[in-house]
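What follows is one structure encoded as structure tokens, with my remarks underneath.
In full-length UniProt numbering, the protein residues as written are 1 to 187.
This is the structure:
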């Protein structure tokens, strides 16, 4: 087994997690990882030994997603959303609902926010390596992570506020209406 093969095997779970955050679909993520691994194997002679392999691998995966997958996913998503909207699945436990809610909220984030959070939080890459993957400065990575976390918090808070019961308020006309009292003692 070559050095490249061992490196690929070592980072495969993280690549798959990152691909799932990008594609929002287990099968599509597996396909993306497979395409990226094939690209890594065919480009093994271009890998510069001594550089960070994981950053190189994540860059290839991200570029494959951006080049090929994003277009296909957009087309498939529109057709699939209608069918998914009609399928109802009952939750079995409250914790499962919270995870599903978080996953749904996470996927409501724009792709650039999901991508940066998956690289930093999901894959555990340091900011320096994420900067290499995204071909930008470390400060840019930090500001993107900050904005992505802020967007995620706002979505979570909006979801929480939407679930709060709305207080019942009476209109001004009902409050101003006179109260009728019985004045006839015989009635």
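Every residue, glycine too, gets a C-beta built ideally from N, C-alpha and C.
Span of the alpha helix (DSSP H), counted from its first residue to its last, around residue 197: The requested residue 197 is not part of the displayed model; the chain covers only 1 to 187.
Going by C-alpha distance, which of 17, 102, 161, 22 is nearest residue 66? 22
Rounded to the nearest angstrom, what separates residue 157 and residue 102 at their Cα positions? 11 Å
Given this structure, state the Cα-to-Cα distance separating residue 115 from residue 30, to the nearest angstrom. 17 Å
Cβ pair count under 8 Å reaching 3, the stretch 32 to 45 against the stretch 54 to 63: yes
Do residue 152 and residue 125 count as a contact pair if the criterion is CB distance below 8 Å? no
On the three-state DSSP scale, how would you describe residue 34? helix
With distances taken between CB atoms, is the gap from residue 143 to residue 17 smaller than 8 Å? no
Return the CA-CA distance between residue 104 and residue 4, expressed in angstroms with no decimal places. 35 Å
Burial state of residue 130, where buried means 16 or more other Cβ atoms lie within 10 Å: buried
Residue of 128, 13, 113, 133 minimising C-alpha distance to residue 150: 113
What residue from 128, 14, 148, 52 has the CA that sits closest to residue 107's CA? 148
Which residue marks the beginning of the alpha helix (DSSP H) containing residue 127, and which one marks its end? 127 to 134
Which value, in whole angstroms, describes the spacing of the CA atoms of residue 128 and residue 19? 20 Å
Confirm, please, whether the CB-CB distance from residue 52 to residue 132 is below 8 Å. yes
Report buried or exposed for residue 33, applying the criterion of at least 16 other Cβ atoms within 10 angstroms of its Cβ. buried
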